[in-house]
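Numbering (my numbering), first residue to last: 25 to 423.
Even for Gly, the Cβ is constructed at its ideal location relative to N, Cα and C.
Working notes for the structure below.
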């Protein structure tokens with residue numbers, strides 16, 4: 025109870041300072057800016073990497089589906105689905121190149137898929153920094169009596185040792201394609217070698233933060249690396265680059281898709297994706313399958329390259345140098361993080377302040393995200409403000 029009181033005290037302090045659990049005050053949003061506590065700031069806390077939430081086709085798709093089918097279709101998919109589901113899943117399958125299930129969220133997708141796919145005698149390995157939703161799903165497997173072990177972050181050699189030491193018929197590795205906080209990329213080359221060396225290994229990749237802006241059709245990194253590998257399963261998010269709602273499970277076979285659709289707990293006992301978002305998903309999927317995707321992806325990559333080059337020139341202490349739109353500066357100190365975040369707000373820039381339980385105490389810091397809404401001048405302004413804020417907070421940049 026004492027720990028809970030301390031955590032609540034920290035949360036309320038952060039909320040009072042305007043750092044966490046804020047509510048935007050804008051009458052209308054355009055993606056680039058956000059208004060908090062009466063101040064309009066550049067928004068570097070959005071995961072809508074391709075800026076599609078403001079795309080007219082997506083908005084019209086949501087409006088048309090609402091007019092045709094209403095605001096909700098309140099029935100379990102075990103019995104009946106809303107009309108746009110068939111088209112949405114067919115388009116998503118064109119993107120992934122695999123049998124694909126639309127799920128209410130990526131998190132619920134994990135809880136639908138893994139209890140069906142993982143056998144009682146299997147071994148489950150999970151990266152220590154895998155998304156919290158994967159750890160929740162792994163805890164459900166463990167509660168069901170399945171062996172679950174945590175492994176070091178992005179360490180193929182650790183996985184190899186586990187493979188050699190285990191006699192399990194199938195060994196699952198649960199990872200992120202791009203890790204959602206730091207923005208680092210999974211070691212795909214090392215994992216590919218492991219897949220080739222041991223046929224018991226199966227990869228389950230939460231590729232939520234790669235879907236949309238990675239891949240020729242927005243299929244993400246995992247499916248871009250292993251487009252038809254029978255021992256790779258990918259879970260995608262439709263809440264980020266796709267700018268909609270829900271998630272998608274790209275599966276190895278129709279049998280797996282049918283089994284999860286019929287027996288996955290989160291498929292049978294949770295609500296469906298509702299018609300407005302089904303309409304937006306259809307529109308977004310069509311865009312991803314069109315020539316309109318590549319220019320947006322290129323625009324985002326240009327912003328990432330600009331930020332990374334500027335950060336290197338200024339000596340900003342990025343947690344990793346990956347070419348991803350999630351950028352993280354680890355301070356390891358809550359007070360320093362708050363000081364830097366508030367200094368950024370005074371400079372007209374909003375970024376996310378990250379503290380436990382989202383990360384370990386040693387990893388407290390600033391998380392910022394880049395989108396196609398940002399202009400080149402916005403990136404330069406962010407870089408300068410970051411350098412000034414870190415100096416002022418006592419977390420000096422490298423010389």
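Return the bridge partner residues of residue 63 from the DSSP annotation. Taking the first residue of the chain shown as position 1, residue 63 is located at position 39. Beta-bridge pairing links residue 63 to 60.
Where the alpha helix (DSSP H) through residue 321 begins and ends: Looking up residue 321 in the chain shown gives position 297. Judged by DSSP secondary structure, residue 321 falls within the alpha helix (DSSP H) whose first and last residues are 317–338.
Report yes if the C-beta distance between residue 79 and residue 317 is below 8 Å; otherwise report no. Along the chain shown, read from residue 1 onward, the residue named residue 79 stands at position 55. Along the chain shown, read from residue 1 onward, the residue named residue 317 stands at position 293. No, they are not a contact pair.
For residue 448, three-class secondary structure by DSSP: Any property of residue 448 remains undetermined from this structure, which presents the chain solely from 25 to 423.
What does the alpha-carbon distance come out to for the pair residue 422 and residue 211? Taking the first residue of the chain shown as position 1, residue 422 is located at position 398. Taking the first residue of the chain shown as position 1, residue 211 is located at position 187. Because residue 422 carries a pLDDT of 45, less than 50, the predicted location of this residue cannot be relied on, and no value is offered for it.
Under DSSP, the beta strand (DSSP E) around residue 261 begins and ends at which residues? One-based indexing of the chain shown puts residue 261 at position 237. Counting along the chain, the beta strand (DSSP E) containing residue 261 begins and ends at 256–261.
Note down, in chain order, each residue of its chain lying with its Cβ closer than 8 Å to the Cβ of residue 374, except the 5 sequence neighbours on either side. Here residue 374 refers to the residue found at position 350 when the chain shown is read from its first residue. Answer for residue 374: 58, 60, 65, 66, 67, 68, 69, 368, listed in chain order.
Three CB pairs or more closer than 8 Å across the region 297–308 and the region 88–105: Short answer: they touch.
Could you please give me the residues that DSSP links to residue 350 through a beta bridge? Along the chain shown, read from residue 1 onward, the residue named residue 350 stands at position 326. Within the DSSP secondary-structure output, residue 350 pairs in a beta bridge with 393.
Under 8 Å between C-beta atoms of residue 225 and residue 255: For the purposes of this step, residue 225 is taken as residue 201 along the chain shown, with counting starting at 1. For the purposes of this step, residue 255 is taken as residue 231 along the chain shown, with counting starting at 1. The beta carbons of residue 225 and residue 255 sit closer together than 8 Å.
Applying the criterion that 16 or more other CB atoms from any shown protein chain within 10 Å of the CB defines a buried residue, is residue 92 buried or exposed? Here residue 92 corresponds to residue number 68 of the chain shown, with the count starting at 1. Exposure of residue 92 is indicated by the presence of fewer than 16 other C-beta atoms within 10 angstroms of its C-beta.
In or out: residue 77 buried (at least 16 other Cβ within 10 Å) or exposed? Along the chain shown, one-based indexing puts residue 77 at 53. Buried.
Which two residues bound the contiguous beta strand (DSSP E) that contains residue 173? Your numbering for residue 173 matches position 149 in the chain shown. Taken as a continuous stretch (DSSP letters only), the beta strand (DSSP E) holding residue 173 covers 171–175.
Measuring CB to CB, does residue 137 end up less than 8 Å from residue 288? Locating residue 137 in the chain shown gives position 113, counting from the first residue. Locating residue 288 in the chain shown gives position 264, counting from the first residue. Yes.
What runs of the beta strand (DSSP E), each 3 residues or longer, lie entirely inside the region 121–199? You should have 124–127, 147–151, 171–175.
Rounded to the nearest angstrom, how far is the Cβ of residue 231 from that of residue 258, given a contact under 8 Å? The residue labelled residue 231 in the question sits at position 207 within the chain shown. The residue labelled residue 258 in the question sits at position 234 within the chain shown. Contact between residue 231 and residue 258 is confirmed by a C-beta separation of about 5 Å, below the 8 Å threshold.
Taking three-plus beta-carbon pairs below 8 Å as touching, is the region 344–355 in contact with the region 386–399? Output reads yes: the region 386–399 touches the region 344–355.
Run through DSSP, which three-state label would residue 271 get? On the chain shown, residue 271 is found 247 positions in, with the first residue counted as 1. Secondary structure of residue 271 (DSSP, three-state): strand.
Of the choices 239, 292, 155, whose alpha-carbon is the least far from that of residue 228? Sequence index remark: in the chain shown, residue 228 carries index 204 (1-based). Among 239, 292, 155, the Cα nearest to that of residue 228 is on 155.
Check this for me: beta carbons of residue 426 and residue 199, under 8 Å apart or not? This structure does not reach residue 426, given that the chain is present from 25 up to 423, and the question cannot be answered.
Would you mind reading off the limits of the beta strand (DSSP E) that contains residue 376? What you label residue 376 is simply residue 352 of the chain shown in a count that begins at 1. Unbroken beta strand (DSSP E) run through residue 376: 376–378.
For residue 322 and residue 145, I'd like the C-alpha separation in whole angstroms. Here residue 322 refers to the residue found at position 298 when the chain shown is read from its first residue. Here residue 145 refers to the residue found at position 121 when the chain shown is read from its first residue. So the alpha carbons of these two residues sit roughly 45 Å apart.
If you compare alpha carbons, which of 183, 286, 207, 202 is closest to residue 345? Here residue 345 corresponds to residue number 321 of the chain shown, with the count starting at 1. Minimum Cα distance to residue 345 is reached at 207.
Which two residues bound the contiguous beta strand (DSSP E) that contains residue 342? As a first step, residue 342 is located in the chain shown; it is residue number 318 there, counting from the start. Premise fails: residue 342 is in no beta strand (DSSP E) and is neither H nor E.
Considering only C-alpha positions, which residue in the set 239, 203, 340 is nearest to residue 313? Within the chain shown, numbered from 1, the residue matching residue 313 stands at position 289. Closest by alpha carbon: 239.
Using a Cβ-Cβ distance under 8 Å, would residue 397 count as near chain D? Protein chain content of the structure displayed is limited to a single chain, and chain D is not contained in it.
Residue range of the alpha helix (DSSP H) that residue 405 falls in? Taking the first residue of the chain shown as position 1, residue 405 is located at position 381. Following the DSSP letters along the chain, one finds residue 405 inside the alpha helix (DSSP H) bounded by residues 400–417.
Using a Cβ-Cβ cutoff of less than 6 Å, which residues in the same chain neighbour residue 243 once the five nearest sequence positions on both sides are dropped? Residue 243 sits at position 219 when you count from the first residue of the chain shown. Cβ within range, chain order: 119, 120.
For residue 152, which residues in the same chain have their Cβ closer than 8 Å to its Cβ, ignoring the five residues on either side in sequence? Numbered from its first residue, the chain shown carries residue 152 at position 128. Excluding positions up to five away in sequence, the list reads 174, 175, 176, 177.
Contact under 8 Å by Cβ, residue 235 with residue 261: Here residue 235 corresponds to residue number 211 of the chain shown, with the count starting at 1. Here residue 261 corresponds to residue number 237 of the chain shown, with the count starting at 1. Closer than 8 Å, so yes.
Could you tell me which of 380, 99, 407, 97 sits nearest to residue 27, measuring between CA atoms? Here the question's residue 27 lines up with position 3 in the chain shown. It is 380 whose Cα lies nearest to the Cα of residue 27.
Could you check what DSSP says for residue 235 in three-state terms: helix, strand or coil? For this step, residue 235 is matched to residue 211 along the chain shown. For residue 235, the secondary structure class from DSSP, reduced to helix, strand or coil, is strand.
Using alpha carbons as the reference points, say which of 103, 162, 122, 386 lies closest to residue 132. Here the question's residue 132 lines up with position 108 in the chain shown. Of the candidates 103, 162, 122, 386, the residue whose Cα lies closest to the Cα of residue 132 is 162.
How should residue 100 be labelled, buried or exposed, when 16 other C-beta atoms within 10 angstroms of its C-beta is the threshold for buried? Stepping through the chain shown from its first residue, residue 100 is reached at position 76. By the 16-neighbour rule on beta-carbons within 10 angstroms, residue 100 is exposed.
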